Amino acid sequence: MKRIGVTGHRDIPDQLLTHVQAAVRAVFHGHDGSLEVFSSLAAGADQLFADIALSCGAELTVVIPSGDYEDGFDDPGELARYHCLRERATREVRMDYPHSTDEAYYAAGTYIADHCDRLLAVWDGRPARGLGGTGDIVRYARERGTPVTVIWRAGVERA
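Residue numbers (this note's numbering): 48 to 206.
Listed below in structure tokens is the structure:
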């Protein structure tokens, strides 16, 4: 079974959304055989990735950073989507953190990088804005030798 993980920004600029969707779909349509995907189901890249992966027949493993992770969803629609995707997951892994902290996010991200054969990064190439951000997880994965596929378009700025 091949395993693919995701890390990425919560806010994907509108002008990049179609590009990201197509790039993620291309990864799954080019794959034969069983597939397990890893996501923390954060708003943005994580949810988009999980939704496409499930529609392509992959098994979803959700990696939950903390006991109060759901409290971090400010948008009711994003929280509802999180619940919907989580219900469709095959497996769930919970990090041992009671509260959502940078350390909890980093632990979830490194867990994903440690358990996948390939990491997709919806990433603008800039440093992380806090420990556990996309840039940190990309660096961690590359240091351990996990192949990383970056999905972004030059010249597009993130808010």
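Glycine included, C-beta positions come from ideal geometry on N, C-alpha and C. Here the structure is a predicted model, which is why all the values come from computation and not from measurement.
- Taking each of Ala175, Val169, Val195 and Gly192 in turn and checking the Cα distance to Pro60, the smallest one comes out for Val169.
- In this structure, Val110 keeps its C-beta atom at 8 Å or more from the C-beta atom of Ala73.
- In this structure the stretch 65-79 does not touch the stretch 177-194; the number of beta carbon pairs closer than 8 Å is below three.
- Ala105 has its alpha-carbon roughly 14 Å from the corresponding atom of Arg165.
- The C-alpha of His146 is placed about 31 Å away from the C-alpha of Trp199.
- The DSSP-derived three-state label of Ala151 is helix.
- Taking the Cα positions, Glu83 is about 30 Å away from Val203.
- Take the alpha-carbon of Ala201 and the one of Gly172: they are about 10 Å apart.
- Bounds of the alpha helix (DSSP H) holding Arg72 are Asp61 to His76.
- Taking 8 Å as the upper bound for CB-CB distance, His130 and Gly91 are not in contact here, some 16 Å apart.
- In this model, Phe120 and Leu126 are separated by some 6 Å (Cα to Cα).
- By the neighbour-count criterion, in which a residue is buried when 16 or more other Cβ atoms sit within 10 angstroms of its Cβ, Gln62 is exposed.
- A direct Cα-Cα distance of roughly 9 Å separates Leu167 from Val185.
- It is roughly 10 Å from the alpha-carbon of Ile99 to the alpha-carbon of His76.
- Looking only at Leu95, Ala97 and Arg50, the smallest Cα-Cα distance to His78 is reached by Arg50.
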